[in-house]
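Numbering (mature numbering (1 follows the signal peptide of the UniProt record, and there is no 0)) for the sequence shown: -18 to -1, 1 to 724.
Okay, so here's the structure we're looking at.
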Amino acid sequence: MKKYVCFLFVLMTTSLYAQKKNENFQMHITKSTGAIKIDGVLDENAWFQSAAVSDFMMCNPFDSLCAQVRTDVKMTYDDKYIYISAECFLKEPGAFVVESMKRDFGFGVNDNFLVFIDTFEDKTTGFAFGANAAGAQWDGQMSEGSKVNLNWDNKWESATTYKRDSWIFEAAIPFKSIRYKGNVSRWGINFSRYDLKAKEKSAWAPVPRQFPTASLAYAGVLVWDTPPPTPKKNVSLIPYVLSGVTANYETKDPTSMRNQIGGDIKVAINSGLNLDMTLNPDFSQVDVDRQQTNLDRFELFYPEKRQFFIENSDLFDGFGTDNIRPFFSRRIGLALNPKTGIYEQTPITYGARLSGKLNQDWRIGALNVQSERIDAKGVPTQNYSMVALQRKLFARSNFGAYMVNKQSFIDTDLQRSNGFQSYNRDLGFEYNLASADNFWTGSLFYANTISPLQKDRSFSQAASLAYKDNDWSFGFKESWVGENYNPETGYVPRINYVQTQLDASKNFYPKNMSTNVFYTTLSAMTMSYWNNQGTFTDNTSYVAFEGTMKDRSTFGAYLSYDYVKLLYDFDATRMGNTALKRGTEHDWYALNARYGSSPIKLFTYSLTSRFGGYYGQGWRTGITADIGYRFQPYGSFSVALDYNDIVDVAIPGTDVAAAKKVSSNFWIIRPKIDITFSNKLFFATFFQLNQQTKNINLNARLQWRYKPASDLFLVYTDNYFPEIMQIRNRALVLKLNYWLNL
């Protein structure tokens, strides 16, 4: 099988050198003939003299027609800024759909205009900017050809105004805010328009409907009359001051005041390389994690949201697979106590990250972060470092290698008795395949961990290959993880297995535009696991039928089969009930169904249900619902509900007929209020009741963006025991930061 995968990788290289797909879509940008004020009114003479494009192509529901709604885009520049404007005409006067004026909105539930900029024209990395029809900004850093990391934040300006039959977006993006190569007269670029009332997505350079409009493989060309200003060694200072109070009633610690200063420094080393430094960082303003039901045997994954770790994050956390991540930045600031298996929060003292492009073909990522010791809990000072190199190959593929090192400075008997090791290292490499036409993708990955108590079989390996066109998609994945693979700075919820996965799907599109169906998909998947001793331990298989209507409502039905042979004792309810025994075998069928209403309506809802068997010949009913109402464009109220009812899980003893049966049911309830007084003043309250973890969390955050990328935050957090509504801990923080470009 591995030889066959390698052969296909070689075979695919014949299409990797293909010419740029949309080479003929060129926009010639010229220098501004005068000053431009960012107010959403295109009345300056410079706009009348600027480059302009208008003929957008529909991406869906069809990808071979001209767009129904017109979009006029103009671009120009001066010594400091790139200027972009878009007039987005409406199918119905005054009709547009938005959630609110909150930044980094959901793409599929807002009328929006976006621009994707491939500054190095490598069809892999870039930057994205845009806004919804209410003026909410949307920005992100791009990687892997189409992924946009919306946690990236930078300094730029925009404004939006309205006419009877159109809305206008106007923006100024500082050259200092992006990375690009000097003395180059071509960038990749594409413009995307999403109009929910017209029920269409369109782009200037056409993109096949199976791909997102962010696909840089299909970007057009931005041709400069003269190369943009030579990048300088720009420096940005982002200091903060903070004051707060914390009380922990659960541990009966005294109320403590917190006064803190710190900040970040961003230095553009050259046109594509950036140095980020942080001193005494604080992340109290970061969005809280959305609670998840955990009925799996393994650890859940929560994404990184801390700004310091975001820029060029694919160079660090992009290695491996979803379940084999040799580097996971959320481990930094959390020290795993080997003795108790509990993560202890540890403050970060300082950190530095060097990331970006060395030249057109080479990228580098280097990181070093130091955390503090906690003497009372026997946690030593720890240093986290990583270095990664990536080489572009062919049109869009690359090869990368990395090393991760976690160093613990052990100097007390308590630290030694807790089992901390002096170091833990992970070394590996990866080849990522991406064909020029974006149809073929794949990867080959290998890694090995090294520690003072080194053991055999401390490796991990994975491979994948996928094909996707307008009608069909096929995929193959395999992975192999040794029983002693242990990347302490990574996310690897499961070890000691060999896994294979096969999947296929077929899209069905309507023959004409009169139908209300956008497309439907029939798919199937099977995934199997064996342990390294050759024992078959798991299988998940399903067939699914899904569809999307032209109004963007969605539906789906799934029939699944699961088989599990437990490798260790497991409480199938995760509620403290008697555990099922290691070695016992379980299998069941389940039926899943879902429906999501059209986001065009002010009142929206979605419902997902699961009915079927469960561990121990039991039965599990699962219901997930999301209900929301938006007060366009000033905010929204939503409630998310997760309910699980698990009954008659048999816990066999010596006599299976007399097996004990356990049942359990629990809720996760998540009401949320989002209010956007303007596109600079936001208020959000998030309440979460989790009966599974026995916790109630309340988080309220007020944010005032008083200048671009500069904010004042007021954050309040409470945690309670749900049974008796007794408070566990409470915190109130006031934080001010300021972005200063030198």
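Virtual Cβ for every residue (Gly too), placed ideally from N, Cα, C.
Exercise for the section: Please list, in chain order, all residues of the same chain as residue 183 whose beta carbon is under 6 angstroms from its beta carbon, the five residues on each side excluded. Expected result: 41, 42, 176
Exercise for the section: Return the Cβ separation of residue 501 and residue 530 in integer angstroms, given the expectation that the two are a contact with Cβ distance under 8 angstroms. Expected result: 6 angstroms
Practice task
Give the single residue among 484, 373, 50, 544 whose Cα lies nearest to the Cα of residue 344.
Solution key: 373
Practice task
With DSSP collapsed to three states, give me the class of residue 598.
Solution key: helix
Handout entry: Own chain partners of residue 698 with C-beta closer than 7 angstroms, once the 5 adjacent residues on each side are dropped
Key = 682, 714
Problem - Length-filtered (4 minimum) alpha helix (DSSP H) runs lying within the segment 571 to 622 - result: none
Handout entry: Closest residue to residue 732 among 232, 679, 565 (Cα-Cα distance)
Key = Here the chain has residues from -18 to 724 only, and residue 732 is not among them.
Exercise for the section: Give the secondary structure of residue 134 by DSSP, where H, G and I count as helix, E and B as strand, and everything else as coil. Expected result: coil
Exercise for the section: Taking residue 255 as the reference, give the member of 365, 346, 13 with the closest Cα. Expected result: 346
Exercise for the section: Counting only the same chain and skipping the five closest in sequence on each side, list residues whose C-beta sits under 6 angstroms from that of residue 174. Expected result: 96, 185, 195
Problem - Within the segment 74 to 128, ranges of the beta strand (DSSP E) (whole runs, at least 3 residues) - result: 94 to 100, 108 to 114, 119 to 125
Practice task
Just the C-alpha distance for residue 676 and residue 280, rounded to the nearest angstrom, thanks.
Solution key: 19 angstroms
Exercise for the section: Determine the extent of the beta strand (DSSP E) in which residue 683 is found, giving its start and end residues. Expected result: 677 to 689
Exercise for the section: Tell me whether residue 291 sits in a helix, a strand or coil according to DSSP, three-state version. Expected result: helix
Handout entry: When 212, 378, 365 are compared against residue 253, the one with the closest alpha-carbon
Key = 212
Handout entry: Distance CB(residue 103)-CB(residue 168) smaller than 9 angstroms
Key = yes
Exercise for the section: Kindly indicate the opening and closing residues of the beta strand (DSSP E) around residue 367. Expected result: 363 to 375
Exercise for the section: Find the nearest neighbour of residue 573 within the set 523, 145, 325, 250, judged by alpha-carbon distance. Expected result: 523
Exercise for the section: Drop a sphere of 10 angstroms on the beta-carbon of residue 293, count the other beta-carbons inside from all chains shown, and report buried for 16 or more, exposed for fewer. Expected result: buried
Problem - For residue 311, three-class secondary structure by DSSP - result: helix
Exercise for the section: Just mark residue 233 as buried or exposed, buried being the case when its beta carbon has 16 or more other beta carbons within 10 Å. Expected result: exposed
Problem - Start-to-end residues for the beta strand (DSSP E) that takes in residue 510 - result: 499 to 512
Handout entry: Test item: CB-CB of residue 352 and residue 388 under 9 angstroms
Key = no
Practice task
Give the single residue among 90, 11, 429 whose Cα lies nearest to the Cα of residue 66.
Solution key: 11
Handout entry: Pairwise C-alpha distance: residue 580 and residue 74
Key = 18 angstroms
Exercise for the section: Along the beta strand (DSSP E) that carries residue 541, what are the first and last residues, could you check? Expected result: 536 to 547
Problem - Bridge partners - residue 260, DSSP secondary structure assignment - result: 246, 333
Handout entry: Whole-angstrom C-beta distance between residue 716 and residue 686, which should lie under 8 angstroms
Key = Not quite, the Cβ-Cβ distance comes to about 11 angstroms (not below 8 angstroms), so this is no contact.
Practice task
Following the continuous alpha helix (DSSP H) through residue 27, name the residue where it begins and the one where it ends.
Solution key: 27 to 30
Problem - residue 633 versus residue 437 - alpha carbon distance - result: 35 angstroms
Exercise for the section: Reducing DSSP to helix, strand and coil, say where residue 717 ends up. Expected result: strand
Practice task
Note down, one range per segment and in chain order, each beta strand (DSSP E) of at least 3 residues found wholly within the segment 404 to 466.
Solution key: 405 to 416, 422 to 432, 441 to 450, 454 to 463
Exercise for the section: Measuring alpha carbon to alpha carbon, tell me which of 612, 627, 599, 603 ends up nearest residue 642. Expected result: 599
Exercise for the section: List in chain order: all unbroken beta strand (DSSP E) runs of 3+ residues lying wholly within the segment 194 to 228. Expected result: 202 to 206
Exercise for the section: Determine whether the Cβ of residue 632 lies closer than 9 angstroms to any Cβ atom of chain B. Expected result: Annotation note: the requested chain B is absent from the structure, which comprises a single protein chain.
Practice task
Over the uninterrupted alpha helix (DSSP H) stretch that includes residue 398, give me the two end residues.
Solution key: 395 to 399
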